[in-house]
Amino acid sequence: MAIPLRPSIVVLLLFTLVSFVTGMTALVVTAQADPDRQTRAGNVETAREVLESKVHFGEEAARNVSGAQRVARNFDVLGHVDFGRRDTNADVFVHDGFAYVGTWGSPCSARGVKITDVSDPRKPRFIGTLAHRTGTSAEDVVVRSVSTDAFTGDLLAVGIQRCGGSPGLDEQLFGAQFWDVTQPRHPVKLGVINMTDGGGGVHELDLVQRGGNVYALLATPFSEWFDPQQDGEFRIIDVTNPGRPRQVGQWGAAEHGFSPGPLFGQGSFGSYFDHSVRASADGMRAYVSYWDLGVLTLDISDVTQPRLVSRTRFPPSADGDAHSVSIYRSGDRKFLLQNDEDFDPRSPVELRSGGRQVGFGSESPFAPALWSQPEHKVSGRVIRAAWQGCFSGAYPAGTEGSIVVVKTLFSFLGDPSFEPRCSQGTQERAAKRAGALAVLHDFRSPDTSPQWFSVDQVSIPVVFAEPRDAAALAKAGQGTLRAGRPSWGFMRIFDAATGRQVAKFDAVPNVHTLPSPDGAWSIHNNEVVGDHSYVSWYSNGIVALDLSPLQAADPSDPEKVGQFIPPGDPRVWGVAVRGGLVYASDMNSGLWILRPTGPAAP
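The numbering of the sequence shown is the working numbering, which starts it at -17 and goes up by one.
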């Protein structure tokens, strides 16, 4: 299953995951290719350009909200720690009077996990770091009190990922570290397990004790495709003796027939990969956020043989992007609160002909949005270009004012049979010169579902579609490209027993706005306490939700009951709730300690 690929390309793909998915990368390397040059599928520089463009788009989509004023509705601010650098704060976990804040990879500061004494929430004190390894980020951290024959105390697990493109990192290994933080001022490193070779590592994780055993549940994105070990992207590690962690189980989407390649999925970043994992309270189930596959519920009662029980599903009109999940119980019912992290507000495009739906496509972010067109659509005659539409003579008479279908070949991994005659930008400019109303790419690839892989600007709408759907419109001769409702990521709520979506929450500013004001308007994480959920929502800060509407026989949407937005350039990554207080990690401004009040109080 593993695909041989140069380490530099693997690293860039994983940067795409970390940077595009979070939408805040500082790796702003834009392809500077001649727009009319021939594309060579499989060429290393072409692959670099593809990945760098995805990274750059994520950064542009989440530009700073400079000078924002602090907002505190039904929240009192008790304390704040500024860790002294920008764009380095990742997730937060709070345990026994100490907060542990991870470090993101842009810039690549390698600060590891920052430890703060929050025993007096009005006077928090930064006391030190752990897991600070050059060339890595340490984004996700979990601490549990455990007791086994081998270790009793407070055990910290942190995911270690490659950070930076230095060739010296190509031969290194990345995975997870385990620390004794029973005395947080004097942490002791106990053990390490390395999961990936040369690139990647552990993105998110959880830690759970079950009887006399302790297990770490790890998400290792894209490792099933690019790591020589060829294990699945969900790993189960026995850390009963944290000084000698060992893998005991794994599960992968490709292995089980769900994924034909690393970049198949739906929407503008179509992909199936394990982004996050969460254990049930009893440790018998794992809730694995697998991006466009949804949240997978795995039975891990036998840790050596994880078994798929159910999964959530997206409608074809959605962009996908299941990032993380939390659990809410109401009586005998259990709900999955799924956070869809989406940094491209354009939604899948509906392809229609003769009054019926033919299929869906995805838009290029470097072309005019269909949503901005009259009635959010373009309609007209549909014609097909010859010779992959690379030059003016490939367009027949009558092209002016028509939707043009162009055959587009693309191979991310270098299959020579999918080498195109010209670049996608060349196709689009030739169609524009011929007077086309819009371009519909008949997208053919062994490596990816239809989605953008060109940063070339064009002044007419551009859509990528499956060959069968593009052919149906071309055969009909008339068609419509209709924009879906714009959407950044929001919360979808599923009945855990049936897998059916029963509610949602998207009632915060700019989630459905296009064009959007500068900022990152996607949801990120949420934590549930009683009948409340506290959500980290990047530029929307922390949002408090009342979940009691889910208790009805016919559940309805949660209600917003409070909000906190840090000042400056808010990008709230993490949220933790302990002892009635909410701890929020902001990428720019550090750790905030909040007391929810009134209807926002748990």
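Even glycine gets a Cβ: it sits at the ideal position worked out from N, Cα and C.
Go through its chain and collect everything with a Cβ distance to residue i's Cβ below 6 Å, but skip five positions before and after it.
i: G225; result: L172 and G173
i: F296; result: G302
i: F133; result: P224
i: S436; result: Q406 and G407
i: R45; result: Model confidence at R45 stands at a pLDDT of 46, short of 50, so the residue's coordinates are unreliable; what they give is reported in the following sentence. D500, listed in sequence order.
i: K316; result: A478
i: A113; result: G94, V95, A120, V140 and Q159
i: D451; result: L333, V340 and G341
i: E27; result: Reliability fails at E27, whose pLDDT of 36 lies under 50, so the model's placement of it is uncertain and the value that follows must be treated cautiously. Within the same chain, E27 has no close Cβ partners at all.
i: S299; result: P330 and G466
Identify which residue in the options has its Cα closest to the Cα of residue i.
i: Q355; options: G466, V559, G135 and R167; result: G466
i: S504; options: P497, P491, V83 and P540; result: P491
i: Q212; options: P227, A236 and L280; result: A236
i: M177; options: H185, E186, L155 and W353; result: L155
i: V196; options: G135, G243, G183 and F425; result: G135
i: Y377; options: K542, A368 and G117; result: A368
i: L280; options: S299, A300, P298 and D256; result: D256
i: L60; options: S91, V76 and V100; result: V100
i: P327; options: W86, P468 and H514; result: P468
i: R334; options: R464, R411 and T202; result: R464
i: K389; options: F446, K414 and K316; result: F446
i: W233; options: V259, R52 and D528; result: V259
i: R93; options: G461, M473 and G66; result: G66
i: S292; options: G84, K105, E215 and G481; result: G481
i: A458; options: V364, L137 and L395; result: V364
i: G336; options: I282, D429 and G461; result: G461
i: R415; options: A379, R167, T430 and Q433; result: A379
i: A453; options: D324, F425, G110 and V444; result: F425
i: I219; options: P449, G265, V444 and V440; result: G265
i: E323; options: V76, F75, Y272 and N570; result: Y272
i: H168; options: I142, G110, V125 and R115; result: G110
i: V386; options: L532, H423 and A72; result: H423
i: G313; options: G550, Q533, M569 and V83; result: Q533
i: H506; options: T495, F472 and F487; result: F472
i: V484; options: A263, V285, L527 and T294; result: T294
i: V124; options: I175, W161 and D209; result: W161
i: R228; options: D102, I175 and T70; result: I175
i: H494; options: G550, W353, Q248 and S384; result: W353
For residue i, write down the residues that DSSP places opposite it in a beta bridge.
i: Y269; result: R260 and T279
i: N507; result: S518
i: D451; result: Paired residues: none, contrary to the question.
i: F546; result: A54 and I524
i: A412; result: The partner list for A412 (beta bridge, DSSP) is empty, contrary to what the question assumes.
i: W555; result: Note: W555 sits in no beta bridge, so no partner.
i: H114; result: Looking at the DSSP assignment, H114 forms no beta bridge with any residue, so it has no partner.
i: G341; result: L333
i: W353; result: For W353, which the question treats as bridged, DSSP gives no partner whatsoever.
i: S567; result: G556 and L573
i: A120; result: T85
i: K171; result: W161
I'd like the list of long-range same chain contacts for residue i, defined as Cβ closer than 8 Å, with 5 residues on each side in sequence excluded.
i: T579; result: N56, F57, D58 and G544
i: G117; result: C90, A92, R144, C145, G146, S148, G150, L151 and Q154
i: I442; result: A349, P350, E410, A413, K414, A418, L419, A420 and V421
i: P106; result: G61, H62, V63, A81, T98, D99, V100, L573 and I575
i: G252; result: L245, F246, D274, G302, S344, T430, S431, P432 and Q433
Ordered along the chain, which non-local residues of its own chain (more than five positions away) have a Cβ less than 7 Å from that of residue i?
i: A261; result: D188, V190, L199 and A268
i: Q511; result: It should be noted that the sequence gives Val, not Gln, for residue 511. Contacts found: V559 and P584.
i: T381; result: I365, A416, G417 and A418
i: V525; result: V490, V517, W519, K542 and Q545
i: F240; result: Y254 and L275
Less than 8 Å between the CB atoms is what I'm expecting for residue i and residue j, so what's the real figure, rounded?
i: A201; j: V184; result: 7 Å
i: V307; j: Q287; result: 22 Å between Cβ atoms; not a contact.
i: G572; j: P552; result: In fact, because the Cβ distance is near 12 Å, the residues do not count as touching under 8 Å.
i: D513; j: S530; result: 5 Å
i: L318; j: F476; result: 4 Å
i: Y565; j: V76; result: 5 Å
i: S393; j: S427; result: 6 Å
Does any C-beta atom of chain D lie closer than 8 Å to the C-beta of residue i?
i: L138; result: Protein chain content of the structure displayed is limited to a single chain, and chain D is not contained in it.
So within the segment 373 to 406, which uninterrupted alpha helix (DSSP H) runs reach at least 4 residues, ignoring any that extend past its ends? none
Tell me the start and end of each unbroken alpha helix (DSSP H) in the segment 64 to 95 that is at least 4 residues and wholly inside, in chain order. none
Give the list of continuous beta strand (DSSP E) stretches no shorter than 3 residues that lie fully inside the segment 217 to 254. Complete beta strand (DSSP E) runs here, min 3: 228 to 233.
Entirely within the segment 423 to 487 and at least 4 residues each: give me those alpha helix (DSSP H) ranges in chain order. 449 to 458
3 or more residues per run - each beta strand (DSSP E) lying fully within the segment 284 to 322: 289 to 293, 304 to 312 and 315 to 322
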